[in-house]
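Chains as they are written, first to last, in my numbering: chain A, 3 to 426; chain P, 3 to 426. Using N, Cα and C, we set each Cβ at its ideal position, and we do this for glycine too.
Protein chains: 2
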Amino acid sequence: MLEGVLSAVFLVNIGQLVTLAGPARARVGVEMRELGLLRDAALLVEDGRVTAVGAYAELRSLTDSQTAVIDAGGHLVTPGFVDAHTHLVFAGNRAAEFEQRIAGATYQELAAAGGGIQSTVALTRAATEDELLVQARRHRDWMLRGGTTTLEAKSGYGLNRETELRMLRVIAQLAAEGPVRMVPTLLAAHTVPREMADRRGEYLAWIADELIPEVAGHNGNPRLARYCDVFCDDHAFTVAETRRVLESAKRYGLGLRIHAEQFRPGTGAALGAELGAATVDHLETVTTETLSHLKAAGVQPVLLPASVFCLGRSQYPPARQMIEMGLPVVVATDFNPGSSPAPSMLFSMALSCIAMRMLPSEALVAATVNAAYSLGLGDEVGSLEVGKAADFLVHECKDYRELAYNVAAPVRIRVFIAGVEVSQ
Amino acid sequence: MLEGVLSAVFLVNIGQLVTLAGPARARVGVEMRELGLLRDAALLVEDGRVTAVGAYAELRSLTDSQTAVIDAGGHLVTPGFVDAHTHLVFAGNRAAEFEQRIAGATYQELAAAGGGIQSTVALTRAATEDELLVQARRHRDWMLRGGTTTLEAKSGYGLNRETELRMLRVIAQLAAEGPVRMVPTLLAAHTVPREMADRRGEYLAWIADELIPEVAGHNGNPRLARYCDVFCDDHAFTVAETRRVLESAKRYGLGLRIHAEQFRPGTGAALGAELGAATVDHLETVTTETLSHLKAAGVQPVLLPASVFCLGRSQYPPARQMIEMGLPVVVATDFNPGSSPAPSMLFSMALSCIAMRMLPSEALVAATVNAAYSLGLGDEVGSLEVGKAADFLVHECKDYRELAYNVAAPVRIRVFIAGVEVSQ
């Protein structure tokens, strides 16, 4: 059975195995409560892929003396977490701004005073590629320790050709060195760079006509982005501006994502439905009507509760309504230095349960298989089914409900990517 | 200089050292923002105690070839965290109840249906001392990883002699084996045990007249508790009942703590002031008038924001008002299986900042030196001053404001207790 196999791993003594076996698409409605749970299970991995899932006695006959046996200690095993929305690459931090906000300044006030995104842009432009890589690697390692095995990462703190490309090269470097799987997204339309404040149209034309073709890999350039994202908001880009960027991205073969309806309804989600975006992200203020457009268009909502929490706000996106309407909800961290310096998927899952009343099972589905589909990787990762990558976590606990219950506990997770232990 | 010294440790290359040097009492008002910060500092430890703090060049002359040098890598160093309110010892967990609560059940409904504290009481009574010890050690290790070097731990899931004493012996065992310093508290008056539901008076008389003298070490018994706590609440004990227990505790030399005003004003805080309690804990609903009584009596408020968060509630205690009134505020985790399964002091500090608008400096003072004074250990731990125990943390970050900013980040903290590295 294992002849010609480069490596085989046999994970045994799994107290509770969350397979998330199910249809070959993102899960909706009551499907989000179905975890494909197995008790006292085992998992066979060959060449980095799951080749069998089931009872120990049945699977043992498929192994030989070359198979590495790993004992899960009777603990919970789940798929690795898939973080579908991060701003991983940036220089510096905004801990001083965090303190100012506690003392009373609003996010918008800080931005107007030259803080916010623009301060990170200035630091990121001034950083070398190696400096960005070192810091991104440190934050990626936090995520890895926290169980994230695949993550989306955006540019957007460069806002000029040189630095946007530098950020995307850092993401490409992290993808190449592994072990965490990376999905790169161009977010040059994060905000208007200060030096072009009165030349918005020129900035957008440059993104649409020059930068997008380049990062999409046209004209002999290396392909540096798989998705294009726009921050559609009162303080960022209008719906018309967002359309201009995303129509270009679509033409050049990039998938679409939108930061939409974070602070005000009518800021981009309907456009996402119209253009067939993969996701619209945030949605704190989304209306029922817009949700029905998203549903009809098959767009996945990406909920970012940590950014609501870290901003000290109380309006979370209407997760329950989305699930009841049959939308394939995703939960992600929004890790970034301003509104969500919170890299832990487990914490975002806990917030999903406590603040958005998602059931622990729904939060787990949203953080794994649904997130994978939102990144176009649903056939590869997000569940532990035969043929998929063996990205899995051996937790300290024995029941999936403990993941969100023990909020922010300093747990140690054994992390495996493609069947190889990569625990930090 | 080091002659006769058993062990000496020289911590060098400290980028930012939070000494918390200050008056020999808990800090109030603007003192809570004063961190005694030193840049590019070093710390000398002999026989587990701080013997010098200052510039590397000055301290180096105090060392010899026997001194172990530890490089802090330019990182932040703070005192170890002091968690002044935990229910560390219990059997089982309530992750299933967590799920039910998300699905709509209230804490009170779950308690009325035989869930809540009573379900943990049943499991804890059924557990052996060794089983309790194994689970408590696991949770203690979470806290240790999270930087907690001293913690208070309460009984209260026994509610009969046998199990209350078993819990206190587990705490004594953890204290004896170290490394985390433990402060034991009797909380037999956590709730009325189910079998005595119609004999409340009898239960209270037994606590006041028999259990308290025993655990306080009278009549030749070993002293198993340093404090006595009562849960004063609509669903627990009245103010009159609380008085009965605490007056006995005071008579037998125990310090006093009270769970007060969590759900309704007028539930115990004024009594704490009258009896000279060390702390009153919770205080989500406390009034200004009661706060002025606490201030006049020198009682320390212990704020437990993680229990507000985990219960999905929005009414946090009025931390800013307390600080402005000059109360020596403490922040603790309230770690317990029902309302706060959140063992991380860093997370409670982040909540203090985000949900209660405490400045990062105030949260750090509340979680260290003020907490130490609330446990009668202010001369021993809580700050890094000459003569105090060398309980300190070498963090991954370089500035104290990052501690609360990177909410729930899976950081690795190097933990030292009495100058010895005890990192997990």
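What number of angstroms, rounded off, separates the C-alpha of residue i from the C-alpha of residue j?
i, j, result
"A:MET324", "A:GLY158", "28 angstroms"
"P:ASP336", "A:ASP200", "53 angstroms"
"P:MET3", "P:ASP49", "Caution is warranted here: a pLDDT of 41 is assigned to P:MET3, below 50, making its placement in the model unreliable, and the coordinate value is therefore given only provisionally. About 13 angstroms."
"P:VAL185", "A:THR193", "52 angstroms"
"A:PHE12", "A:ASP401", "21 angstroms"
"A:ALA190", "P:ARG103", "42 angstroms"
"A:MET360", "P:GLU404", "29 angstroms"
"A:ALA406", "P:ALA410", "12 angstroms"
"P:GLN137", "P:MET145", "13 angstroms"
"P:ALA93", "A:CYS230", "50 angstroms"
"A:SER121", "A:ALA128", "11 angstroms"
"A:THR65", "A:ILE72", "13 angstroms"
"A:PRO319", "A:GLN302", "13 angstroms"
"P:GLY222", "P:ILE173", "20 angstroms"
Quick one, which of the options has its alpha-carbon nearest residue i's?
i, options, result
"A:SER425", "P:MET347, P:ILE419, P:PHE418 and P:ARG414", "P:ARG414"
"A:GLN317", "A:PRO224, A:VAL288 and A:VAL11", "A:VAL288"
"P:GLY180", "P:PHE12, P:ARG139, P:SER363 and P:GLY268", "P:ARG139"
"P:LEU226", "P:THR152, P:ALA410, P:ALA113 and P:LEU170", "P:LEU170"
"P:ASN338", "P:ARG163, P:VAL388, P:GLY300 and P:LYS156", "P:LYS156"
"P:GLN18", "P:GLU154, P:THR281, P:ALA279 and P:ALA74", "P:ALA74"
"A:SER376", "A:GLU164, A:ALA210 and A:ARG27", "A:ARG27"
"A:GLU427", "A:CYS312, A:GLU382 and A:LEU329", "No answer is possible for residue 427 of chain A: it lies beyond the span of chain A, which begins at 3 and ends at 426."
"A:GLU1", "A:ALA10, A:ALA23 and A:VAL14", "Residue 1 of chain A lies beyond the residue range present for chain A, which begins at 3 and ends at 426; the question has no answer from this structure."
"P:GLY255", "P:GLN264, P:GLU216, P:GLY203 and P:VAL282", "P:GLU216"
"P:LYS252", "P:GLN264, P:THR240 and P:VAL232", "P:VAL232"
Identify whether residue i lies in helix, strand or coil by the three-state DSSP scheme.
i, result
"P:MET184", "strand"
"P:ASN372", "helix"
"P:SER309", "helix"
"A:ASP143", "helix"
"A:ARG171", "helix"
"A:MET3", "A caution first: A:MET3 carries a pLDDT of 41, below 50, which makes its placement in the model unreliable, though a value can still be read off. Coil, per DSSP."
"A:ASP433", "Outside the displayed span of chain A (3 to 426) sits residue 433 of chain A, for which this structure offers no information."
"A:HIS237", "coil"
"P:SER67", "coil"
"A:HIS284", "strand"
"P:TYR229", "strand"
"P:ARG245", "helix"
"A:GLY257", "strand"
"A:VAL20", "strand"
"A:ASN15", "strand"
"A:ASP49", "coil"
"A:PHE394", "strand"
"A:GLN302", "strand"
"A:PHE349", "helix"
"A:GLY222", "coil"
Does the Cβ-Cβ distance between residue i and residue j come in under 8 angstroms?
i, j, result
"P:PRO412", "A:ARG147", "yes"
"A:ASN372", "A:VAL422", "no"
"A:ILE16", "A:ALA43", "yes"
"P:GLY82", "P:THR187", "no"
"A:ALA2", "A:THR269", "Outside the modelled stretch of chain A, which goes from 3 to 426, sits residue 2 of chain A, for which no answer is possible."
"A:GLY118", "A:LEU112", "yes"
"A:GLY314", "P:ILE356", "yes"
"P:SER354", "P:ALA334", "no"
"A:ARG51", "A:GLY389", "yes"
"P:LEU306", "P:HIS87", "yes"
"P:LEU395", "P:THR80", "yes"
"P:ARG246", "P:ALA210", "yes"
State buried or exposed for residue i, treating a residue as buried only when at least 16 other CB atoms are found within 10 Å of its CB.
i, result
"A:VAL20", "buried"
"A:VAL417", "buried"
"P:SER63", "exposed"
"P:PRO224", "exposed"
"A:ARG228", "buried"
"A:PRO25", "exposed"
"A:ASN32", "Checking the sequence, you will find Val at residue 32 of chain A rather than Asn. The residue in question, A:VAL32, is exposed, as its Cβ has fewer than 16 Cβ neighbours within 10 Å."
"A:THR290", "exposed"
"A:SER385", "buried"
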